[in-house]
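Working notes for the structure below.
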Amino acid sequence: MAWTREEMAARAAKELRDGFYVNLGIGIPTLVSNYIPTGMAVQLQSENGMLGTGPFPYEGEEDADLINAGKQTITELPTTSFFSSADSFAMIRGGHIDLSILGAMQVAENGDLANWMIPGKMVKGMGGAMDLVAGVKRVVVLMEHSAKNEPKLLPKCDLPLTGAQVVDMVITDLGVFTIDKHGKGGMTLVEVANGTTLDEIKAKTAAHYTVAPGLK
Amino acid sequence: MAWTREEMAARAAKELRDGFYVNLGIGIPTLVSNYIPTGMAVQLQSENGMLGTGPFPYEGEEDADLINAGKQTITELPTTSFFSSADSFAMIRGGHIDLSILGAMQVAENGDLANWMIPGKMVKGMGGAMDLVAGVKRVVVLMEHSAKNEPKLLPKCDLPLTGAQVVDMVITDLGVFTIDKHGKGGMTLVEVANGTTLDEIKAKTAAHYTVAPGLK
Amino acid sequence: MSQGKIYPNAAAALSGLLKNDMTIMAGGFGICGIPESLIEAVSASGVKGITAISNNAGIDGVGLGVLLETRQIRKMISSYVGENKLFAQQYLAGELEIEFNPQGTLAERIRAGGAGIPAFFTKTGVGTSVAEGKEVREIDGARYVMERGLVADVALVHAWKGDTEGNLVFRKTARNFNPLMATAGKVTVVEVEHLVEPGEIDPDHIVTPGIYVQRIIHVPDPTKRIEQRTVRKRVMA
Amino acid sequence: MSQGKIYPNAAAALSGLLKNDMTIMAGGFGICGIPESLIEAVSASGVKGITAISNNAGIDGVGLGVLLETRQIRKMISSYVGENKLFAQQYLAGELEIEFNPQGTLAERIRAGGAGIPAFFTKTGVGTSVAEGKEVREIDGARYVMERGLVADVALVHAWKGDTEGNLVFRKTARNFNPLMATAGKVTVVEVEHLVEPGEIDPDHIVTPGIYVQRIIHVPDPTKRIEQRTVRKRVMA
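Chains as they are written, first to last, in my numbering: chain X, 15 to 230; chain W, 15 to 230; chain Z, 2 to 238; chain H, 2 to 238.
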């Protein structure tokens, strides 16, 4: 069974630290906001121009002028600030966001990330993903380990890249990998999900990786 | 006698147009604000971060947080907006200011301008002058025709430049010159001050210039 | 003062500004903060061959989606167009060109265009197809791609409140690309929900100074659509 | 929330941040909007060899003038230092280095530093000594000089009002270099005249979002000096 989407989000939430400013991508990463530990101050940035995003509004209180980067209606908090798209990406590009958690189609063992287009299919555009992976201090990918039984953790991405050597950590339904994206340490399996085994992970991972000492 | 400083400022004010956004330099250019025709909407920009500068405050109403680029206490108007230094120079560099009127030590016949340093003397810095002459749509110099009997309108500046090929018009106590700064038209004397002659101007001008047809 | 910036309606505000094959910037993120009245007037004008610079392409029948229906757009410069089905059809039929920019690069290119900066370096897109054909250089040990400033013949902007001098404020996330595009239009035309007299907006709160705004229309109570209505249930006490 | 950003005084707010030969940015234009309490705490710390990035050098005994008196500054990166006599003496004696930047180039370099842009092109200074030793290139028929982004070990900022999250607003022309420097400090320390709770500043009015601010002190009723008091006479009615 390995981890559910909720368990994956809960695991990703362990990467949060008090005082962090965090950008969450669309999909499973959005669920991470449900697992911020009580008492921990974490501000969520939405790249359309908002810091301090709040939960969805109560029915009837939706505001068309108040949406997140997924175009969903949200609410504000006492800490909220609004700013332009230029200022938002100055914040992202300038390295002021502590952590970006986003989805991916493929991740390579050197930290390359592909999540924006599949050649031959209609291209929708990269949105803010290239800016986020290039600019944010730490990039965590949250994704299913395999897609239609094809591995997504690869020696090299074959899809067009969103960013080169940008991923610090990958959390899948089977476990957690760290990547030494600027060094020579490569990829390391550091955690195994309940209900799976080192052997299953090995069978489903095309990327080369080492297993952290003591892991079983 | 030629033109007084007040008459020079009044002449410079004739370059204003309804709806103009204008930056006035320190010294004689500051006086131009006294000659804006009634009913003409002209907004003055101060490069320290203000559009729509008002007159000096009444005694006792000075506000240390409200100064112009000459560090003088001023007031605000109903049209006033405040912004940062980065936004102020984005406005200047981006060509949004219609007219800059500023002083000079030397102007060359190709539009080169020198007004920020004299080698061997203590250098105070160029402040915003280089940005203004490079960025503003039209640059008018307002200066005495000579300094200690030395001409200031020259074939070539010998002082370090503030900007190369930047001046569109020079107004001195003796007359008005236009400069075809990007073309081959050179410098043209287009107006002679009351109380002077073409001969006096010729004697006191080292730059080459043509005399506009009909001028006497 | 400067009452001359106020126009009675969108068609009047755009008169004399539109021509075939022009470049138009339009503010908005998704359909939040889009200059809808002005876009509709562009549609009514029948101008063709537009290069549209906008983060998204609206949705079918809303925002720039209107100009796609009428086939007035030849090229889009955007970061994401996934919400618009018509877009996909026209693109696949070869009727529409698209230049994808990373969203932050698009925003900074527009900010640079308005600020007189013809080019800048950014890490975004290095090692990807975005950097192809562009100068890439190493600066202090990291690689950066050179991107160019963007300007438009006309910028269309939606603001919450504006005075007759053109000073603008925006509301919540409807701000997005609007203030930067206001700086990058050779002519900037703004629709404001609330039109007030100069002095009614605190000068410390003004986001777009009037210098950037050439024409203004008052659009009270615009219809604002929501693309993705997400809500939570009230928990009874 | 984030009460941890509030410090009891300037010395406490700077503790652990100061070391010899560091780079410090200080906001302000002339002596308007300068972080005076924080500068005095730098003086008291005795740290030496400072590279100070600030538009001006204060005046004798005020603002950065204090650090010149104590000879703690080794180099200034500024646009204009004409008001400070002590500056002239130390410069002529070879005790002080100066790098003059055009004011707009200085502002944009700081904005770029904070925005992750290592270099950009500007017309300002082309054909002058400012462009010497820098890359100059022609883009679309005009010549531009390449300028580099600037960051600092610590940025010292003065704001009018701030909440405990670090969201800031500025007052009138005391804004100047403060918001850009807030983005370009590895650590940004702010003195606010009014300290409030989160939610007390309208989120549409916030100029500097809290993410840029690491440490805050409350300096109520600071002494504000005026460099050039200019007034007009009241005309009796």
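Ideal Cβ positions, reconstructed from N, Cα and C, are used throughout, including at glycine.
- Boundaries of the alpha helix (DSSP H) around Ser102 of chain X: Ser99 to Arg107.
- Per DSSP, reduced to three states, the secondary structure at Thr202 of chain W is strand.
- Those residues of the segment 28 to 61 of chain W placed with their C-beta closer than 9 Å to a C-beta in chain Z are Asp32, Gly33, Tyr35, Ala55, Gln57 and Gln59, ordered along the chain.
- Fewer than three beta-carbon pairs drawn from the segment 153 to 172 of chain W and the segment 90 to 99 of chain W are found closer than 8 Å, and the two stretches are therefore not classed as touching.
- For Gly115 of chain Z and Ala104 of chain W, the gap between their C-alpha atoms comes out near 7 Å.
- Ranked by how close their Cα comes to the Cα of Gly139 of chain W, the residues H:Ser79, H:Ala175, H:Lys6 and H:Ala185 have H:Ser79 in first place.
- With contacts defined as CB atoms closer than 7 Å, Thr176 of chain W and Ala217 of chain W fail to qualify as a contacting pair.
- One alpha carbon belongs to Arg72 of chain Z, the other to Thr211 of chain X, and they sit about 56 Å apart.
- The alpha-carbon of Val152 of chain H is positioned some 35 Å away from that of Leu91 of chain W.
- DSSP places Met22 of chain X in the helix class (H, G or I) of the three-state scheme.
- Among the bridge pairs identified by DSSP, Asp194 of chain X is matched with X:Gly200.
- In this model, Met183 of chain W and Asn124 of chain W are separated by some 11 Å (Cα to Cα).
- Sequence-ordered contacts of the segment 195 to 229 of chain Z with chain X read Val208, Lys225, Arg226, Ile227, Glu228 and Gln229 [C-beta pairs closer than 8 Å].
- When secondary structure is reduced to three states using DSSP, Glu37 of chain H falls in the helix class.
- Taking 7 Å as the cut-off, the Cβ atoms of Ser114 of chain X and Gly63 of chain X do not count as close.
- Secondary structure at Glu194 of chain H: strand, using DSSP grouped into helix, strand and coil.
- A residue is called buried when at least 16 other Cβ atoms come within 10 angstroms of its Cβ; Ala45 of chain H does not meet this threshold and is exposed.
- By the rule that beta-carbons nearer than 7 Å mark a contact, Phe30 of chain H does not touch chain Z.
- Taking the beta carbon of Phe97 of chain W as reference, the chain Z residues within 7 Å of it are Pro210, listed in sequence order.
- Taking the Cα of Ala16 of chain W as reference, the smallest distance to any Cα among W:Gly209, W:Glu61 and W:Val181 is reached at W:Gly209.
- Assignment of Asn124 of chain X by DSSP, reduced to helix, strand and coil, places it in the coil class.
- By the Cβ criterion, the segment 26 to 37 of chain Z is in contact with the segment 61 to 81 of chain X, since at least three pairs of Cβ atoms, one from each stretch, lie closer than 8 Å.
- Proximity of Ile106 of chain X to chain Z, defined by a Cβ-Cβ separation below 7 Å, is satisfied.
- Flagged as an interface residue toward chain X: Phe178 of chain Z, by a C-beta distance shorter than 7 Å.
- At a cut-off of 7 Å between C-beta atoms, Thr192 of chain X does not count as an interface residue with respect to chain H.
- By the Cβ-count criterion, Glu37 of chain H is buried, with 16 or more other Cβ atoms from all chains shown falling within 10 Å of its own Cβ.
- The Cβ atoms of Lys86 of chain Z and Thr52 of chain Z lie no closer than 7 Å to each other.
- Listed in chain order, the non-local C-beta contacts of Leu97 of chain Z below 6 Å within the same chain comprise Gln91, local neighbours out to five positions each way being set aside.
- With fewer than 16 other Cβ atoms from the protein chains shown falling within 10 Å of its own Cβ, Thr18 of chain W counts as exposed.
- Taking a Cβ-Cβ cut-off of 8 Å, the neighbours of Met64 of chain W in chain H comprise Lys173 and Thr174, given in sequence order.
- Per DSSP, reduced to three states, the secondary structure at Asn179 of chain Z is helical.
- Annotation for Thr94 of chain X: the continuous beta strand (DSSP E) segment containing it runs Glu90 to Phe96.
- Of all residues in the segment 109 to 130 of chain Z, only Gly117, Ile118, Pro119, Ala120, Phe121, Phe122, Thr123 and Lys124 place a beta-carbon less than 7 Å from a beta-carbon of chain H.
- Met157 of chain X is positioned such that its CB atom lies no closer than 7 Å to that of Ala221 of chain X.
- Within chain H, Cys33, Arg172, Lys173, Thr174 and Ala175 have C-beta atoms less than 9 Å from the C-beta of Leu80 of chain W, given in sequence order.
- Residues of chain Z with a Cβ closer than 7 Å to the Cβ of Leu175 of chain X are, in chain order, Gly128 and Thr129.
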